[in-house]
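What follows is a single structure, written as structure tokens, with notes after it.
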Amino acid sequence: MGPVSQPGPRRKSTLAPSGRDGRMGGILFRLLDRRDRASSETYWREALKGVVQPNEIALPLPTKPEPTGAAFAELERELPEELTAALIELSQRARVTLNTVVQTLWALLVGAYSSQRDVVLGVTVSGRPAEMNGIDEMVGLFINTLPVRVRLSDDDAFETVARRVQAEQLAAHAHAATPLADIQALGTLGSRLFDHILVFENYPLDQQLRELGSVLRVESSDVFEQVHYDLGLLVAESRDALQMRFIANGEVYPEARLARVAAHFVELMHGVIAAPDASLRRHHIVPPAERA
4 MGPVSQPGPR RKSTLAPSGR DGRMGGILFR LLDRRDRASS ETYWREALKG
54 VVQPNEIALP LPTKPEPTGA AFAELERELP EELTAALIEL SQRARVTLNT
104 VVQTLWALLV GAYSSQRDVV LGVTVSGRPA EMNGIDEMVG LFINTLPVRV
154 RLSDDDAFET VARRVQAEQL AAHAHAATPL ADIQALGTLG SRLFDHILVF
204 ENYPLDQQLR ELGSVLRVES SDVFEQVHYD LGLLVAESRD ALQMRFIANG
254 EVYPEARLAR VAAHFVELMH GVIAAPDASL RRHHIVPPAE RA
């Protein structure tokens with residue numbers, strides 16, 4: 004498989020001040036009857052039972068960096084087409100979505116960094132429950148950020164974990180309108196439940212812009228995105244390759260640290276693709292360049 008390319012910046016981003024996630028999702032939650040709300044509270048309380056320690060990404064820099072004064076750091080990586088195709092094939096073989104494959108890989112990476120086998124990710128979801136009448140006619144940003152708990156066992160194969168992640172997310176779908184602040188209040192960690200988020204964007208923006216070519220000419224496009232966590236990973240499907248974009252608090256994750264996270268993530272992808280049936284204990288995140 005070819006090397007990972009490093010495209011130049013094409014989209015702007017910044018860190019947003021802390022706020023309430025899923026504001027429109029909170030409106031939806033209030034529209035649900037009390038029985039549904041009680042059911043969601045019970046679900047999330049059970050889902051977080053036993054989570055008592057946050058997953059800190061303990062990745063020291065080779066040398067202590069000087070303060071940069073940068074408000075945020077940003078790094079983009081485009082996966083080679085061959086690697087993207089292999090991830091798609093892996094998802095098809097495991098009978099899960101590509102989103103689930105990416106989430107499971109990220110959980111393995113966070114677990115390796117934190118030396119924990121019980122991992123909680125922050126994952127952004129669309130927040131539009133299809134079963135709610137009139138939801139398709141409502142205008143607004145309904146996204147919500149939800150915790151995704153992934154229990155890792157060294158004896159499990161990657162596909163086993165991925166299928167479990169997808170099954171649990173299907174169960175959580177009915178409770179996706181619950182505001183994050185309310186979910187955090189049900190656990191013991193509160194707002195310390197996670198300090199990073201994963202966003203998987205599966206709307207093919209590039210393809211949509213090309214299709215507009217017969218109607219109008221698109222000179223350029225710019226997407227403005229922001230996170231208020233120390234680290235955000237945005238993964239987007241774009242033509243035949245996945246685009247990875249890391250957005251971070253520049254004081255916590257300067258570009259050198261983000262580059263290492265990206266390299267470790269890609270190394271893990273290669274390892275899982277090469278041996279999808281191997282137990283988790285056999286997969287490593289350190290690339291050959293760092294082992295030397």
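Residues in the sequence shown are numbered from 4 upward in steps of one, following my numbering.
Just so it is clear, CB atoms sit at the ideal spot from N, CA and C, and this is done for glycine as well.
Could you check which residue in the options has the C-alpha nearest to that of residue i?
i    : options                   : result
V280 : E59, G193, D158 and L51   : Looking at the sequence itself, residue 280 is Asp, so the reference to Val does not match. Measuring from the Cα of D280, the nearest candidate turns out to be D158.
L183 : G193, V238, A177 and R284 : G193
L271 : D39, E59 and G114         : G114
V153 : L108, H176, Q187 and S129 : L108
I146 : I91, H176, I276 and S156  : H176
L86  : V289, A251, Y256 and E240 : E240
D39  : G235, V289, G274 and T181 : T181
D1   : E92, N58, H178 and R263   : No answer is possible for residue 1: the residues shown for the chain start at 4 and end at 295.
S117 : R98, L90 and L155         : L155
A76  : L189, D233, R96 and A97   : D233
L93  : I60, E162 and A262        : E162
E44  : A259, I276, A179 and L196 : A179
E293 : A41, T191, R263 and P257  : R263
For residue i, which three-state DSSP category applies?
i    : result
E204 : strand
A179 : coil
A3   : Here the chain comprises residues numbered 4 to 295, so residue 3 is not present and cannot be evaluated.
S282 : strand
L271 : helix
S129 : coil
S241 : strand
Could you check whether residue j and residue i sit closer than 8 Å to each other, using their CB atoms as the reference points?
i    : j    : result
V151 : Q106 : yes
E204 : L236 : no
H267 : L112 : yes
L149 : A265 : no
V99  : R166 : yes
S282 : A89  : no
G253 : A74  : yes
Q56  : Q95  : no
From the DSSP secondary-structure annotation, give me the bridge partner or partners of residue i.
i    : result
F161 : In DSSP, F161 forms no bridge with anything.
L124 : V151
L299 : Lying outside 4 to 295, the shown extent of the chain, residue 299 is not represented and no answer is given.
* the region 238-252 contacting the region 73-86, beta-carbon criterion three pairs below 8 Å -> Under the three-pair Cβ rule at 8 Å, the region 238-252 counts as touching the region 73-86.
* Asked: Are the region 37-53 and the region 171-179 touching, with three or more C-beta to C-beta distances below 8 Å?
  -> yes
* To do: Spell out a yes or no on whether the region 194-203 and the region 119-129 are touching, meaning 3 or more CB-CB pairs, one atom from each, closer than 8 Å.
  => yes
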